[in-house]
Ligand SMILES: *[C@@H]1O[C@H](CO)[C@@H](O)[C@H](O)[C@H]1NC(C)=O
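Residue numbers (the working numbering): 59 to 491.
Laid out in structure tokens, this is it:
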């Protein structure tokens, strides 16, 4: 009102009016500015409130997701982990985290460790690469023997960190992997996910753990690829993999080497040669042959170039278990702590084979004898799908380092496998294709 009066009273005085106008504009601007500041303030408050509620809702969702989908965590769970890890030996026992413990080799190694008094905690994601009910059956066998199997993934670093927080594992027996040579053409990313990303996640947690565990892990004889030096020795070149599976295992050998070099983790890589036996993997030839022969279905037998039979250095599970335990016993300690290396640690690679390759037709005839059924054979030339013509292990390194000496031949081992198969599936087979 006053401003208006002034303007009316002194209309001719340009300067004054200008001054008055300017001050009125300043006032208005100040007012507008104040108004917009308070609006901004309100907006900011609103956004903060929105963000806060978003975060709390999200953490609610996450924690409920954790409860709903993560099958780990909680006081009861932690107690189960601790109990399972407790060492029953008087002195010098290990507490071992076994990844892939509901798998073929993993379940056998877990049982053997427990039997001799070591503490064992299992870890498995129970994926459906093959019939998960077989993995569940192995799990209940472990449960009966006092081994708790954590339901989780090696890519879950929160879970792995939690486990090494709860238990000071002396060793990690890392057997979790995406296996199978031919399946790598169907689902390549699964191999990268488990055998590379999962491995790195595990190594990251192990290198930061205090104490650092010593690591024994499953590489593969497939790293020899198209190698033609016979028998395959650890010092042979392994830069010609024939499958993505082999390539991811070879990558694992290189990756573990860097963790040994930088952080002082003790690493032992085991190149398994065609492991077979009771509780085996249904995707392997001896297993699916057995199923098909019993069901009267034809089996496909691959043959190499120039009608040469494929041959494998089949290794019985009990011999592999002895090799795994021997490796654990001689792996020494990791030298680092808190992610820092304090000195050199062991880095080893061993073949674990049987040293006597058997052709696939011979494998079939042994199965026919044990099953008392003639196989319907479909013999076709091997397609280029990742299989190699033959494998043959030189095991002298493992023999000199920890007395590894396989004692079960294919005839004897398959007899035990068939006995188990019939007791588990029955003659008609419970597997539905
Ligand atoms: C087996 O491997 C060892 C090294 O571990 C080597 O000294 C030996 O010559 C190899 N044997 C054969 C037959 O290649």
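Where a beta carbon is used, it is the ideal one built from N, C-alpha and C, also for glycine.
Spanning the alpha carbons of residue 422 and residue 363 requires a straight line of approximately 20 Å. The residues 346, 347, 350, 351, 422, 433, 434, 435, 436, in chain order, have a CB closer than 8 Å to that of residue 357 in the same chain once the five nearest residues on each side in sequence are set aside.
Counted as a single uninterrupted DSSP element, the alpha helix (DSSP H) harbouring residue 320 occupies residues 302-321.
Here residue 224 has 136, 139, 140 as same chain residues with Cβ atoms under 7 Å from its own Cβ, once five neighbours each way along the sequence are excluded. Under the criterion of beta carbons closer than 8 Å, residue 242 and residue 442 do not qualify as touching, at roughly 13 Å. The closest CA to that of residue 339, considering only 386, 452, 164, 249, is found on 164. Sorting 408, 244, 142 by C-alpha distance to the C-alpha of residue 277 places 408 at the top. Distances from the CB of residue 452 to the heavy atoms of ligand 1 include at least one below 7 Å. By the C-beta density criterion, residue 297 is exposed, having fewer than 16 other C-beta atoms within 10 angstroms.
Counting along the chain, residue 221 sits inside no beta strand (DSSP E); it lies in the alpha helix (DSSP H) bounded by residues 215-224. Within 7 Å of the C-beta of residue 221 there is not a single heavy atom belonging to ligand 1.
Annotation for residue 192: 337, 340 place their beta carbon closer than 8 Å to its own, counting only its chain and skipping 5 residues before and after. With respect to the C-alpha of residue 252, the residue from 320, 466, 309, 190 having the closest C-alpha is 309. Nearest C-alpha to residue 396 among 263, 100, 305: 263. Burial of residue 234 is indicated by the presence of at least 16 other C-beta atoms within 10 angstroms of its C-beta. If you check the C-beta of residue 289 against ligand 1, you find a heavy atom less than 7 Å away. The continuous beta strand (DSSP E) containing residue 439 extends over residues 434-439. In this structure, DSSP gives residue 391 a state outside helix and strand, which the three-state scheme calls coil. For residue 271, no alpha helix (DSSP H) run applies, since DSSP gives it neither H nor E. Going by beta carbons, residue 205 and residue 180 fall inside the 8 Å limit. Sixteen is the threshold: when 16 or more other Cβ atoms of the shown chains lie within 10 Å of the Cβ of residue 415, as they do, the residue is buried. Just so you know, the alpha carbons of residue 372 and residue 132 end up roughly 43 Å apart. Contact check for residue 265 against residue 323 passes: the beta carbons are separated by less than 8 Å. Straight-line spacing of the CA atoms in residue 222 and residue 279 works out to 30 Å. Beta-bridge partners of residue 409 (DSSP): 329.
Contact between residue 154 and residue 176 holds: their C-beta atoms lie close to 6 Å from each other, under 8 Å.
In terms of side-chain proximity, the C-beta atom of residue 244 is found no nearer than 7 Å to any non-hydrogen atom of ligand 1.
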